[in-house]
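Residue numbers for the sequence shown follow full-length UniProt numbering, beginning at 1 and rising by one.
Worksheet for the structure shown next.
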Amino acid sequence: MAPTPIRILGLDPGLRRTGWGVIEAAGTRLSFIACGTVLPPEEGTLAERLAVLHRELCSVLAAFSPDEAAVEETFVNVNPASTLKLGQARGVVLLTPALAGVPVAEYAALLVKKTVVGAGRAEKAQIRMMMKVLLPQADFETDDAADALAVAVTHAQHRGAAALRARFEAKVAAR
1 MAPTPIRILG LDPGLRRTGW GVIEAAGTRL SFIACGTVLP PEEGTLAERL AVLHRELCSV
61 LAAFSPDEAA VEETFVNVNP ASTLKLGQAR GVVLLTPALA GVPVAEYAAL LVKKTVVGAG
121 RAEKAQIRMM MKVLLPQADF ETDDAADALA VAVTHAQHRG AAALRARFEA KVAAR
């Protein structure tokens with residue numbers, strides 16, 4: 001019996017550019033569905049830019065109906081103001097699928113790179129190349145979209161372990 005395909009939305013959060021990528025995973029088989037980049041306007045208030053990000057992600061969720069979502073964890077920037085703004089964008093990226101009832105997992109950038117390239121310090125070009133190898137039909141125009149696909153692939157590879165960890169943590173919390 002063939003495994004049931006799971007549709008996964010990968011997200012690479014940012015206030016200037018948020019990459020998204022949708023794949024289907026059936027066992028170890030991965031299929032490219034779609035990808036893109038949300039580009040909130042650079043002008044306007046922070047609230048307006050975050051609202052655009054939310055609306056665009058709602059459109060992606062409506063168009064592709066993912067079963068699960070995965071978000072790349074962000075790093076702490078040297079500039080505290082930039083880090084705070086990135087955190088606010090990340091909050092929208094985490095919240096939007098959760099409000100739609102889509103379970104959301106998070107993965108460190110080092111794990112994403114190690115999963116798709118084999119090295120935690122991989123360069124953007126290496127990630128793009130591996131996305132073309134793993135998902136030959138993938139047509140991404142930005143590094144952000146390629147990164148989002150890499151997050152989705154990482155979730156496909158690690159989702160079983162994440163589910164086991166969540167059940168264990170719930171059991172421990174119930175004691």
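All C-beta atoms, glycine included, are put in the ideal place defined by N, C-alpha and C.
Give the straight-line distance between the Cα atoms of residue i and residue j, rounded to the nearest whole angstrom.
| i | j | result |
| --- | --- | --- |
| Val151 | Gly10 | 5 Å |
| Val133 | Leu149 | 12 Å |
| Val172 | Gly87 | 29 Å |
| Ile8 | Leu110 | 20 Å |
| Val112 | Lys85 | 23 Å |
| Leu46 | Ala89 | 9 Å |
| Phe140 | Met130 | 12 Å |
| Ala34 | Pro80 | 34 Å |
| Ile127 | Asp147 | 7 Å |
| residue 180 | Gly36 | Outside the modelled stretch of the chain, which goes from 1 to 175, sits residue 180, for which no answer is possible. |
| Ala156 | Leu61 | 18 Å |
Taking the continuous beta strand (DSSP E) assigned at residue i, which residues delimit it?
| i | result |
| --- | --- |
| Val112 | Run containing Val112: none in the beta strand (DSSP E); it sits in the alpha helix (DSSP H), Ala109 to Val116. |
| Ala26 | Thr18 to Ala26 |
| Arg7 | Ile6 to Asp12 |
For the alpha helix (DSSP H) holding residue i, just list the boundary residues, first then last.
| i | result |
| --- | --- |
| Thr83 | Pro80 to Leu99 |
| Val60 | Leu46 to Phe64 |
| Ala125 | Lys124 to Leu134 |
Can you tell me which of the options puts its alpha carbon nearest to the alpha carbon of residue i?
| i | options | result |
| --- | --- | --- |
| Pro136 | Ala156, Leu30 and Arg7 | Leu30 |
| Ala51 | Leu84, Val93, Glu68 and Pro3 | Val93 |
| Ala26 | Cys58, Met1 and Val71 | Met1 |
| Ala69 | Thr83, Asn79, Ala100 and Pro40 | Ala100 |
| Leu39 | Gly91, Val153, Trp20 and Val104 | Trp20 |
| Leu15 | Ile6, Leu53 and Ser59 | Leu53 |
| Phe75 | Ala108, Arg17 and Arg128 | Ala108 |
| Phe32 | Ile6, Ala174 and Asp12 | Ile6 |
| Thr28 | Thr154, Glu169 and Val71 | Thr154 |
| Arg17 | Gln157, Glu42 and Val117 | Glu42 |
| Glu56 | Ala122, Val117 and Thr96 | Thr96 |
| Glu73 | Phe64, Ser65, Asp67 and Thr83 | Thr83 |
| Ala138 | Pro13, Val22, Asp12 and Pro3 | Val22 |
From the DSSP output, which residues share a beta bridge with residue i?
| i | result |
| --- | --- |
| Glu106 | Val71 |
| Ala34 | Val22 |
| Arg29 | Ala26 |
So, is the C-beta of residue i closer than 8 Å to a C-beta in chain B?
| i | result |
| --- | --- |
| Val151 | Absent from the structure is chain B; it holds one protein chain and no more. |
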